Amino acid sequence: MKSLTSLSDGGNGNSPPPGVVGLNVLQPEVMGLNVNGSPCSLKRKRPAKIEIPSVLQEICTDIFKGSDTQVQGDNTVCLSDSGIGVFSLKGKKKFMEDAHKIFSNSDKKKRFFGVYDGHGGTKAAEFVTDNLHLKILKMLENCPEDKAKEEAIKAGYLKTDEEFLKQGLGSGACCVTAMIEGQKMVVSNLGDCRAVLCRGGMAEALTTDHRAGQEDERRRIEEKGGYVEIHRGTWRVHGVLSVSRSIGDAHLKDWVLAEPDTKVICLTPDMEYLVLASDGLWDEVGNQEAVDIVTRSCSSEKKQQLMGASLNQNSNVHDCLITSSFSKSPRVSLVKSKRRHHPTSQKKTAHRKQSEDGFGCENESPPSKARRISLVNQIKIRSPFSENENNDFIEKPASSCGLLAACKELVSLAVTRGSMDDITVMIIDLNHYRS
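At position 323 of the sequence shown (counting the first as 1) the number is 323 in the UniProt record's numbering, and the numbers step up by one without a gap.
Given below as C-alpha cells:
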C-alpha cells in the first residue's frame, strides 16, 4: 500500500496522479502525530498584540469613587454631613459618569463645592474631581479683589483643562462649582450643570447653561470656523456635542471652550440654600420646583425636631405619673428595664424620627395627640431606604438629614418624569457656612 505522500505526488515525489487535482495532504506533525505515529502536542502561534484605541482604554468598569463619596449600592452615591447633602443616581449608561467634590483648606476659611457631569467616559470627571479645586485655590492666593478672583478661577479652570488634554483622552466634563469664604460666595460653571439659589423661598439661577443652541454660543462657534447642527432633535457642535463649553473634548477644543462664567456674590441673611446639580435633574425639574422641595423638606424637619423635643418631655412626665400609681415592686422593675434598654431605645427612636423626617414633607401642620400616638405604633414600619443608610446619619445634625431627604426627593422626581441620565444633586445650607 502506498503512503499518503507517494499518493500525492504520483508515487515518484514529483506530481500528483491523474484525476487528483489540488489535493492538500496533511503532514503527520500537523495531524497531531510524530513520524513514529505517536501523538504530539499541537503548537499554536501567539496572535499579534491587539492595539486598543485610547478612547476605549479610558473606559473603566468601576463607579467613580471620589474621596468624599459613600457608595450605597451599585447605582447610588450618598453623602450627608453638617450643612450639606448629596445624592447621586446612575442612569441608563453602563458607567456612572457624574462626580462631586467637597473640600476645605487647612484653616477652614475657604469651602469648595463642585458637581461634575462627564461624557464620553469617566476619566475627565475623575481628573476634574482630583484637580480643579486645587488649581483654583492655588490661583486664588493673594487675590483680595472680586475681579481678581474671577480671573483666578478662570485660570484654574483653564489650567485643569490644559493638563487633562495632555493625557490624550477624548472624554469631557461639565462643571458647576461654588466657593464660600466669609461673606462672599463665588459660583462658576461650564456646560449644563447649574447652580440655583434659594433666596427667601424664591429660586434664582446663578448660572447660564452653555448649550450649542444658544444664539451667542452658536455665533462664537461659527466665527471660529465651526458649525452647529441639529442631530437627534438637539443642537450640537459639529453634530456631536450638545454643550458648548467643557473641560476636555479634545477633538472639539477649537470651539468648545473651558472658560467658565463666574459670579461673586455677597451673602445676605435671606440666602438660605444653594442647589448644585447636573443636567439629569434640570432637564426634568424646574428651578422654583426644586427650591420648593428643599424649603418644604427642611422646614418640615425643623417642625419634627421641635415636636420630638416636646414628645420627649411629655414622655418623661407621663412615665413619672404612671410609676407613682403602681406598687413598689412594679416601680423597681420599670426602673431596671429602663436602665437596661434605654440606650438602644433612644437610638431606635432617633432612627425612626430621622427616617420619618426625610419623607414626611407633606405634613406641614404640627401633629395632633392622635398623630403622636401613631408614631409609637409605626415602630415596625420599614423605611424606604436601607437601615444601614439611615444608621449612618443617626448621630449627625438633623439639618443634614433634611437636606439629604430633599436630594433624594428631587432625584426621585426626575426619574419619575423620565430622566435616564446620571443625576447628582448637592444642597448646601448657606446659614451653616456663612461666617
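We put the CB at the ideal spot given by N, CA and C, even for glycine.
Computed from a predicted model, the values in this text were never measured in an experiment.
Checking 7 Å against the spacing of the C-beta atoms, do valine 196 and valine 294 come in under that value? no
For a test of your reading of the model: does the CB of tyrosine 157 fall under 6 Å from any non-hydrogen atom of the ligand FMN? Yes or no. Among the ligands in the structure shown, none appear at all, so the ligand FMN cannot be discussed.
Exposed unless 16 or more other CB atoms sit within 10 angstroms - verdict on glycine 22: The pLDDT assigned to glycine 22 is 46, lower than 50, so where the model puts this residue is not dependable, and the model offers no usable value.
Could you give the C-beta distance for valine 415 and leucine 137, rounded to a whole number, given that I count them as a contact under 8 Å? The Cβ separation is near 35 Å, so there is no contact.
Do you know offhand how far asparagine 363's Cα is from serine 299's? Any reading at asparagine 363 must be qualified, since the residue scores a pLDDT of 37, below 50, and its modelled position is unreliable; no value is offered.
Is it buried or exposed for isoleucine 102, if we count other Cβ within 10 angstroms and need 16 for buried? buried
Complete alpha helix (DSSP H) runs within the segment 212-283 (minimum length 4 residues, chain order): 215-223, 279-282
Relative to the C-alpha of leucine 281, which residue among Arg296, Phe87, Phe127 is closest? Phe87
Taking DSSP's pairing of strands, which residues face aspartate 98 in a bridge? Asp117
With burial defined as no fewer than 16 other Cβ atoms inside 10 Å of the residue's Cβ, what is the status of alanine 205: buried or exposed? exposed
Where do the ends of the beta strand (DSSP E) carrying aspartate 429 lie? 423-429
Is the beta carbon of tryptophan 235 sitting closer than 7 Å to the one on glycine 213? yes
Rank Glu289, Lys159, Val187, Gln183 by C-alpha distance to the C-alpha of glutamate 409 and give the top, closest one. Glu289
By Cβ distance, which residues of its chain are closer than 8 Å to leucine 430, with the 5 residues on each side in sequence left out? Ile180, Met185, Leu267, Met271, Glu272, Tyr273, Leu274
Buried or exposed: glutamate 215, going by 16 or more other Cβ atoms within 10 Å of its Cβ? exposed
Per DSSP, what kind of secondary structure is asparagine 75 in: helix, strand or coil? coil
Counting Cβ pairs, one atom from each stretch, are 3 or more of them under 8 Å apart for the segment 126-146 and the segment 157-176? yes
Around the C-beta of serine 329, are 16 or more other C-beta atoms found within 10 angstroms, so that it is buried, or is it exposed? Low confidence applies here, because serine 329 scores a pLDDT of 41, under 50, leaving its location unreliable; read the following figure in that light. Classification of serine 329: exposed, given that the 10 Å Cβ count is below 16.
Cβ atoms of valine 187 and alanine 277: under 7 Å apart, would you say? no
Just verifying my parser: in three-state terms, what is the DSSP assignment at arginine 296? helix
Contact between the segment 243-255 and the segment 215-228 (3+ Cβ pairs under 8 Å): yes
Helix, strand or coil, according to DSSP, for residue 446 in the structure here? The first residue shown for the chain is 1 and the last is 435, placing residue 446 beyond what the model contains.
Would valine 176 and cysteine 198 be called neighbours here (beta carbons separated by less than 7 Å)? no
Locate the alpha helix (DSSP H) running through glutamate 204, then write down its first and last residues. It is not in any alpha helix (DSSP H) - glutamate 204 instead sits in the beta strand (DSSP E) that spans 202-205.
Could you give the distance in angstroms between the alpha-carbon of aspartate 249 and the alpha-carbon of valine 237? 11 Å
Three-way DSSP call (helix, strand, coil) for threonine 177 in this model: strand
Check the C-beta distance from histidine 119 over to serine 171 and give it rounded, since I have them as a contact under 8 Å. 7 Å
Residues sharing a beta bridge with leucine 190, DSSP: Cys175
In terms of alpha-carbon separation, which member of Asp279, Leu403, Asp292 lies closest to asparagine 419? The question names asparagine, yet the displayed sequence has serine at residue 419. When each option's Cα is compared against that of serine 419, the closest is Asp279.
In whole angstroms, give me the CA-to-CA distance for cysteine 143 and alanine 152. 8 Å
Have a look at glutamate 145 and valine 264 and give me their C-alpha separation to the nearest angstrom. 10 Å
Where serine 419 falls: helix, strand or coil (DSSP): coil
Which residues in the same chain as leucine 158 place their Cβ atom closer than 6 Å to its Cβ, once the five residues preceding and following it in sequence are excluded? Ala258
Use the C-beta contact count for glycine 233: other C-beta atoms within 10 angstroms, 16 or more gives buried, fewer gives exposed. exposed
Hey, quick one: how far does the alpha helix (DSSP H) through valine 128 stretch, first residue to last? 123-139
For a quick check, are the C-beta atoms of valine 243 and glycine 286 less than 7 Å apart? no
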